[in-house]
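Mapping to our numbering: the sequence shown position 8 is 27, numbers consecutive.
Just so it is clear, CB atoms sit at the ideal spot from N, CA and C, and this is done for glycine as well.
Step one of this worksheet: look at the structure below.
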Amino acid sequence: EIKIYINSQGGHVESGDTIYDMIRFIKAPVKIIGTGWVASAGALIFVAPPLENRFCLPNTRFLIHQPLGGMSGSATDLAIEAQEIVKMKRRLNETIARQTGQKVEKVEKDTDRNFWMSAEEAEDYGIIGKIIESEEDI
């Protein structure tokens, strides 16, 4: 069994994808515990284990939103990158929907702007399985 404690303001989506995939790839069960902020790519990582293995402390806040990006280059390259970020947005929304039990349409609406949740709201949303107050609660 592996326990991951996560407090993350997010980061590159591709880095989050790698950690998400590895959590799901390995045989050892992973339990993840959120504390502080679990935001953006951090929220993607957080939902990788099964719901019953996702915990957070009472004052944890969660943020889901659409991917952000900046680019420069030729008009053709900008069009290609814009298409890629739209595909990334769809894939992330589908992942969050699958891992939380929400409909993709709801996740799309919620992530159109920054969507903050308290621990209780994240539990209702299906992001966490249980709010804990001590390590014995895991």
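Taking the C-alpha atoms as reference points, what is the distance between residue i and residue j?
i, j, result
"A101", "R109", "13 Å"
"A47", "G61", "20 Å"
"G35", "E155", "28 Å"
"N133", "Q85", "8 Å"
"S91", "A98", "11 Å"
"S93", "N26", "37 Å"
"R43", "E33", "15 Å"
Indicate the three-state DSSP secondary structure (helix, strand or coil) for residue i in the structure shown.
i, result
"G35", "helix"
"M41", "helix"
"G61", "helix"
"R132", "coil"
"L76", "coil"
"L82", "strand"
"I146", "coil"
"I21", "strand"
"K50", "strand"
Hey, residue i and residue j are a contact pair by Cβ (cut 8 Å); roughly how many whole angstroms apart?
i, j, result
"P77", "A138", "6 Å"
"I147", "C75", "5 Å"
"Q28", "V66", "So it is not a contact: roughly 17 Å between Cβ atoms."
Anyone know if the C-beta pair for residue i and residue j falls short of 9 Å?
i, j, result
"V126", "I83", "yes"
"Q121", "D129", "yes"
"S59", "G89", "no"
Check whether the region 138-157 and the region 49-63 are in contact - that is, three or more C-beta pairs closer than 8 Å.
yes
At a cut of 8 Å, does the region 77-86 reach the region 38-46 through at least three beta carbon pairs?
Here the region 77-86 does not lie against the region 38-46, with fewer than 3 beta-carbon pairs under 8 Å apart.
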